[in-house]
Structures are given as C-alpha cells and as structure tokens.
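Residue numbers (my numbering): 1403 to 1637. A virtual CB, placed ideally from N, CA and C, is assigned to each residue, including glycine. Only a predicted model underlies this, so the values are computations on that prediction, with no experimental measurement involved. Here's the structure we're looking at; comments come further down.
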C-alpha cells in the first residue's frame, strides 16, 4: 500500500523558509565560528560600511547577483523580480531577528556566549540553513536571489542541483575570502565553521529535498498564479 504524502500549501512553505533561513543566519552570526559562505559577502560589506545593516547589505549583494543571473539565463522576465522581493523580505526578517538581545551584536557581541552555547547555535544554524533552503526549492514562489540562481541555472542547463549548489557555495567562499582580505587584511567572518559548511551544504540540502519528495507534497493554493513562476528547463 502506497503511503499518502502529507500536503502542505506551497505558500506556507515559502513563509516558513524565509523565517527559518533568516533565523539560521542570525544563529550562525552569533556563534561566531564563521558565517555561511553564501551570506559572508553581505556580512563583510555590512561590517566595512557601517551605515548598512546586515539585511541591507544583502540587498546590495543580491542585486549584483541578480544581474549576473539574467545574463546567464540569457533573458529577463518580470517575474524574476519576485526573487528580489524575497530578498527584501528576508533582509528585513534577518534585521528583525538581530533586534532580539541574544542576537543583537550591540548587546551580545558575536562569540561572547559560552562555548557550549556557541556550538549549539552553530549546529542548529547549519542544519536549519540546509533545511530552509530545501524548503525554498519545493515552493513555486522564487527564493532569494542566491538560491534562485542555483535553482534556475541548474534547471536550465540540466545540472544536478546538489552538485551545482556545492560549486556555487565554494565560489561564494572564494569571493568572501577575497573581500575579507581586501577590507580587513585578515579573515573576518570566515572561520572553521564556514569551511565545514561549504563542502557539505549542497549535499545536506539534497538529502532534505529527497525526504520532502518522499513524505510531503506542496501543492499551491493559487494554481493559476503559480503557473507564472515556471522556469525554463533543459529539454
């Protein structure tokens, strides 16, 4: 007898993904073992340019990546802009999480907690990052530009998503390392935690995606609206 999958509305999954991903980034930043390579460029920019919050720096970095995405996809569709809308929501959510005293760097400097708490934050933040990104890949609504880039390009050119995600992560790590040395003449925001996350993040996301496919179904509530978000795929 075939198991029935649990149905969760795609729109609910989208909201959950935004909330959990922004929380995961706040956790990793507070742990101070090294942030995710994906958000490291924005984090470094926010440290260098004091007038930008972490969330606002995300807008700048993702705007640049969005332009690259349109070039790689060889075209532009108005619906692509919804990925930047997700970026705006995510950035606001991240700054909101960082208003909580436990995550607020002005109240609780990153790395100032006890080592066991930092390790717990890092472990939870790492797993939650992969989990929330996998959720984004299961909703028709476009994720923020980082994950939209991976989802769109891998689909268009027929590349296995986990493999392309790992390559993308390592590229972000290289960019972050260059920015860190250029801005601070040392590695800032990049630690052993970043090096741990970089090679495994894509694989863990793939595992979560397979689990979701096996046990869950994410149908859209607004089917006709969802049809506008279909991306070009390799035939």
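Next on the checklist: Can you look up residue 1478 in the DSSP assignment and give me helix, strand or coil?
Outcome noted: The three-state reading of DSSP puts residue 1478 in coil, since its state is none of H, G, I, E or B.
Checklist entry - Is there contact between the segment 1560-1569 and the segment 1489-1497, where contact requires at least three CB pairs shorter than 8 Å? => result Flag = no, the segment 1560-1569 and the segment 1489-1497 do not touch.
Checklist entry - What residues are listed by DSSP as bridge partners for residue 1618? => result Secondary-structure assignment with DSSP links residue 1618 through a beta bridge to 1408.
Item to check | Length of the line joining the Cα atoms of residue 1403 and residue 1409 | outcome: Low confidence applies here, because residue 1403 scores a pLDDT of 45, under 50, leaving its location unreliable; read the following figure in that light. Whole-angstrom Cα-Cα distance: 18 Å.
Item to check | Extent of the continuous alpha helix (DSSP H) run through residue 1520 | outcome: Per DSSP, residue 1520 belongs to the alpha helix (DSSP H) from 1517-1538.
Item to check | Nonlocal neighbours in the same chain, by C-beta distance under 6 Å from residue 1433, ignoring five residues either side | outcome: Cβ within range, chain order: 1520, 1523 and 1524.
Checklist entry - Measuring CB to CB, does residue 1442 end up less than 8 Å from residue 1584? => result No; because the gap between Cβ atoms is not below 8 Å, this pair is not in contact.
Next on the checklist: Rounding to the nearest angstrom, what Cα-Cα distance links residue 1603 and residue 1571 in this structure?
Outcome noted: Distance between the alpha carbons of residue 1603 and residue 1571: 8 Å.
Checklist entry - So what's residue 1514 in DSSP terms, helix, strand or just coil? => result Coil, per DSSP.
Checklist entry - Helix, strand or coil: which one does DSSP assign to residue 1632? => result Three-state DSSP puts residue 1632 in coil, outside helix and strand.
Next on the checklist: Assuming contact is defined by CB atoms lying nearer than 8 Å, are residue 1538 and residue 1467 in contact in what I supplied?
Outcome noted: Annotated as distal: residue 1538 and residue 1467, with beta-carbon spacing of 8 Å or more.
Checklist entry - Taking just the CA atoms, how far does residue 1428 sit from residue 1513? => result If you take the alpha carbons of residue 1513 and residue 1428, they lie about 12 Å apart.
Next on the checklist: Taking its Cβ as the centre, do 16 or more other Cβ atoms sit within 10 Å of residue 1430, making it buried, or is it exposed?
Outcome noted: It is buried - the Cβ of residue 1430 has at least 16 other Cβ atoms within 10 Å.
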